[in-house]
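Chains as they are written, first to last, in the numbering used here: chain A, 34 to 328; chain B, 4 to 787.
C-beta atoms are modelled at their ideal positions from N, C-alpha and C, and glycine is treated no differently.
Some notes on the structure that comes next.
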Ligand SMILES: Cc1cc2nc3c(=O)[nH]c(=O)nc-3n(C[C@H](O)[C@H](O)[C@H](O)COP(=O)(O)OP(=O)(O)OC[C@H]3O[C@@H](n4cnc5c(N)ncnc54)[C@H](O)[C@@H]3O)c2cc1C
């Protein structure tokens, strides 16, 4: 399998990158870690005339905490996210750590995962559950798009071809907040999930009542999806097995799986139930755990 | 066990380790020739179609294209693996039979151009009905995929040993079961690749990533019309084979024709997807068995039916369908056995040989049924096996002679090594423990073509300065460690340190060797190597005896030193001569023993270059019945494994936590290599048990032709594996050695099946045991 020929650009900053993109339109594709793009080029699923390497864009790097919000650069690698740190939500670390293998994690980026937007993507799911907002920079400047509404279909998002995803904004980790991540595949690594579930759980000051919950489901719809039923079931109730079982049931009902060669819709629906329950337990123990608990 | 070796049985560092660990090892991809052309194949997008017309004119006209060949440009010679089933044409003549069937090949200045040219070849197809399963292929009125094979029957076997019906009538218990497995892919790390060069001397040299240089040479000669001495096959370092690389490929043949036509080196390589398309890996098997036993657990009879979904061509399939039956003859005493085997053509890639050839799924079902029988009779599964197992000297009902068999030692080793008695029946819910046994040939008793040929020949040449020896062998090091094993055997036989042996292998110019398949190299090539080493030593000692004026029987060489028995002998003259010849050298021989170096130098001075040869072919083996050639071997390895698993009842996921593995390899030549084969077998068996399945859509296209979607175990999936090497001392093996390469895989799948049954109560009848399959079975079980 050979790579097709293409021109290679390495813009020095965001403005240059955006103007190159504006100039070349659909002929150009941003390049981050290349773990999706290069594979697709070899498979002839994409044939851009030019690749724009984002590697020099400082605007897409690093993480900052500001006013209760964390801003994560699009160029964060999965390895970096998996190894955590004070600004990285624990739920995101869990998802990023489940992606591919160490070698793939060293290249794969947060931005690439969000733009490729696969229904089972291991970084998309946690971010969706975390209620993250994507920052898209375009010729007209920046806009902020909540991830709930960002995904349009497998490989499609609201991001326009002329836009670059620069950063993602999430709530800063704080006590009383917990996350759970469950990924089911055939094997223990190098696996696209058969079903994956990310749960975000925020408790009231009593350490028991659910203030807010989001349950994100992967591989059971054309896009990573939130389960409104599960969120509703949980909200305002005392966290525990009873309500978790109901929420898991609601998540299974919300899922829209299909049959494919990797698994049947019926099995996937059952697994949504099982994994949601497990992720909820995991999130609760994290939320109720140490005072340092981070989502 | 037979002990007292200097080199054999050690953990000598592999000969190829330095090159492989520093990246200096040259695989085909690393070897470049000036003026190379790149070749590409046109392969059928249809699983079954008539070819009405092929127009290559646009491809020919593309700048950079040097040659385009189709069936019109090559001799109409059919080839294959078994001469009785030569059913392949290099390029489709008027019909394509699977998605991937070869239609044309192009040579161009670069690969991009070659691939473009392939796309420019216009083929008119008339689609034919596509037969993708045994049921479809054997249905009333199904079209025949090959005119010469009615009803799509590739091969059929009927065998009966003893009197099965009479035995059943006498049994207290008759147990019946069935099993269904999926096609596998060999998933070797290095996709097939080759470069062909036509020399001005009229010799075609083919460098190829193969397990079998000799068979490739033969096939290329036969199809091109060159004679054998005009075809040289060279195998550089190879990244694994596991069976699918045990025959000539369409790229071997296409590159040869293109090199002959263009006079330039032509390189062709499979992509990973093409590796899947070429396949030649494990068949999909359907087995049905009926096993009869006495109340006390004595096994009496087996009635066995196997149906193999074979794909579009025969490949190794005849051998596979025979092995699927014959490899149940042992390792238990089974006086009566009937086998009905069937291999069916379908419009899928051809299946062939893969580690544990033909026997793996038959073994899985048989061992699963043994556990059920044990349970019904109130016996421990180990007790049942110990009661029925064969011992050294036993002969199976189908005439396989167990000239050594450490079955008891293997069973006891895994029983003790796993803590069986403390665990069996005492594990918490969701945990299970299971065991199984198996055995396998140490080399096929006969070549693939009918011949009295030696199976291997060896030359060992002593360095003229006496510093060491070089072994020349056409055998195929493909990562399994045969170069290391042969160097160790040569060192032991000649009596010199391992470091003083160099080895050159994998080149048909070095002689005959049937290659790396059927777990034959250690025993067979090992015999020839030992013989050559013994002969070389004798040549040297003969000269030395004359020179010293003593009987040759008083002399021996060990660890690089000449051993003289009896009264002391004065060898000053030899030493003085050597030292004079090497005036100024810093490493003169010293000490009170004569060295190999002095002796070998002397022998050279008296006789000229010393080359000793060795050869091997098996003695006449048992079995007069039809099909006896498949399964008979000079020796059999055997093994036992205990698997410990945990099953997640809510997802159906199985985790294999621990495998305790014992294998009788007769005598370990290299202990580390034996353990590596055992671990590799566990990994491959585990993949087949839990994950691996080549999937097709309704048009016969592969859905998961990549290692991303075809799941082989990662290091994260490997259980803790305890390897116990049993050495029974094989009388027919060199220094007592026999196989480990394939036999070691036999117990893995059934041990896992039995452990899962122990954890869940489920008798699972279909692999791979995917979470979904297990989950659904658990659900049905609960509902029932
Ligand atoms: C072997 C292997 C295993 C994998 N396993 C997993 C897995 O387990 N889970 C999982 O979720 N994924 C997996 N992936 C997919 C892939 O690694 C991830 O989707 C990864 O996050 C993509 O990031 P990247 O930086 O490599 O993206 P790239 O390949 O560089 O880009 C992907 C796409 O996003 C665009 N893009 C990238 N960054 C930006 C940006 N900042 N702004 C605008 N557009 C951008 C590119 O133009 C391209 O279209 C695997 C891939 C491979 C090859």
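*DSSP three-state call for residue 124(B): helix, strand or coil?*
coil
_Using only the alpha-carbon positions, how far apart do residue 565(B) and residue 598(B) sit?_
6 Å
_Cα-Cα separation between residue 124(B) and residue 92(B), rounded to whole angstroms_ = 19 Å
*asked:* I need the DSSP call for residue 269(B), collapsed to helix, strand or coil.
replied: strand
_residue 588(B), buried or exposed, once every other Cβ within 10 Å from all chains shown has been counted against 16_ = Counting the other CB atoms within 10 Å of its CB gives residue 588(B) a total below 16, which places it among the exposed residues.
*Kindly indicate if chain B contains any beta-carbon less than 8 Å away from that of residue 250(A).*
no
*Can you give the Cα-Cα distance for residue 301(A) and residue 225(A), rounded to whole angstroms?*
14 Å
_Same chain, Cβ closer than 7 Å to residue 201(B), neighbours up to 5 away in sequence not counted_ = 207, 262, 263, 266
_Determine, for residue 327(A), whether the minimum Cβ-Cβ distance to residues of chain B falls below 8 Å._
Residue placement at residue 327(A) is flagged as unreliable, the pLDDT there being 44, under the threshold of 50; a coordinate-derived value is accordingly withheld.
*Beta carbon of residue 156(A): closer than 7 Å to some heavy atom of ligand 1?*
yes
*asked:* Going by beta-carbon coordinates alone, are residue 24(B) and residue 99(B) separated by less than 8 Å?
replied: no
_Simplified DSSP state of residue 673(B), which is helix, strand or coil_ = strand
*Could you pull out every residue in the same chain whose Cβ sits closer than 6 Å to the Cβ of residue 234(B), ignoring the five residues on either side in sequence?*
207, 220, 223, 224
*Give me whichever residues DSSP pairs with residue 668(B) in a beta bridge.*
The partner list for residue 668(B) (beta bridge, DSSP) is empty, contrary to what the question assumes.
_Bridge partners for residue 472(B) per DSSP, in chain order?_
BP columns for residue 472(B) point to 465(B), 504(B).
*So with Cβ pairs under 8 Å, would you call residue 35(A) a contact of chain B?*
Cβ-Cβ to chain B under 8 Å: yes for residue 35(A).
*Is the shortest distance between the beta-carbon of residue 315(A) and the beta-carbons of chain B less than 8 Å?*
no
_I'd like the list of long-range same chain contacts for residue 681(B), defined as Cβ closer than 7 Å, with 5 residues on each side in sequence excluded._
664, 666, 726, 743, 747
*asked:* Mapping the DSSP letters down to three states, classify residue 411(B) as helix, strand or coil.
replied: Residue 411(B): helix per DSSP, three-state reduction.
*Thinking just about the alpha-carbon of each residue, which of 37(A), 150(A), 237(A), 285(A) is nearest to the one in residue 268(A)?*
237(A)
_Helix, strand or coil at residue 242(A) [DSSP, three-state]_ = Residue 242(A) falls in the strand class under three-state DSSP.
*So does the stretch 284-303 of chain B actually touch the stretch 183-190 of chain B, counting three or more Cβ pairs closer than 8 Å?*
yes
*Have a look at residue 324(A) and residue 212(A) and give me their C-alpha separation to the nearest angstrom.*
Residue placement at residue 324(A) is flagged as unreliable, the pLDDT there being 48, under the threshold of 50; the coordinate-derived value follows with that caveat. In a straight line, the C-alpha of residue 324(A) is about 14 Å away from that of residue 212(A).
*How would you list, in chain order, the residues of chain B whose beta-carbon sits under 9 Å from the beta-carbon of residue 318(A)?*
Chain-order list of chain B residues neighbouring residue 318(A): empty, with the shortest C-beta distance near 18 Å, by a criterion of under 9 Å.
*asked:* For residue 756(B) and residue 180(B), I'd like the C-alpha separation in whole angstroms.
replied: 13 Å
*Would you grab the beta carbon distance between residue 339(B) and residue 167(B) for me? Rounded to a whole angstrom, and I think it's under 8 Å.*
5 Å
*Is the CB of residue 336(B) under 8 Å away from at least one CB in chain A?*
no
_Strictly under 8 Å for the Cβ-Cβ distance: is residue 119(B) near chain A by that measure?_
For residue 119(B), no CB of chain A lies under 8 Å from its own CB, so it is not counted at the interface with that chain.
*If you measure from the CB of residue 133(A), is any heavy atom of ligand 1 nearer than 7 Å?*
yes
*Under 8 Å between the Cβ atoms of residue 758(B) and residue 648(B)?*
One thing to note: residue 758(B) has its Cβ within 8 Å of the Cβ of residue 648(B).
*Which chain A residues sit within Cβ distance under 8 Å of residue 720(B)?*
220, 221, 222
*Compare the Cα-Cα distances from residue 547(B) to each of 510(B), 629(B), 605(B) and report the closest residue.*
Check the Cα spacing between residue 547(B) and each of 510(B), 629(B), 605(B): the tightest is with 605(B).
*Segments of 3+ residues assigned as beta strand (DSSP E) that fall wholly inside the stretch 30-68 of chain B*: 40-46, 52-58
*For the stretch 98-115 of chain B, which residues have a beta carbon sitting closer than 9 Å to at least one beta carbon of chain A?*
From the stretch 98-115 of chain B, only 114, 115 have a Cβ closer than 9 Å to chain A.
_Inter-residue CB distance, residue 646(B) and residue 657(B) (contact presumed, cutoff 8 Å)_ = No, residue 646(B) and residue 657(B) are not in contact; Cβ-Cβ is about 10 Å, not under 8 Å.
*Is the stretch 409-426 of chain B touching the stretch 492-500 of chain B in the sense that three or more CB pairs, one from each, lie closer than 8 Å?*
no
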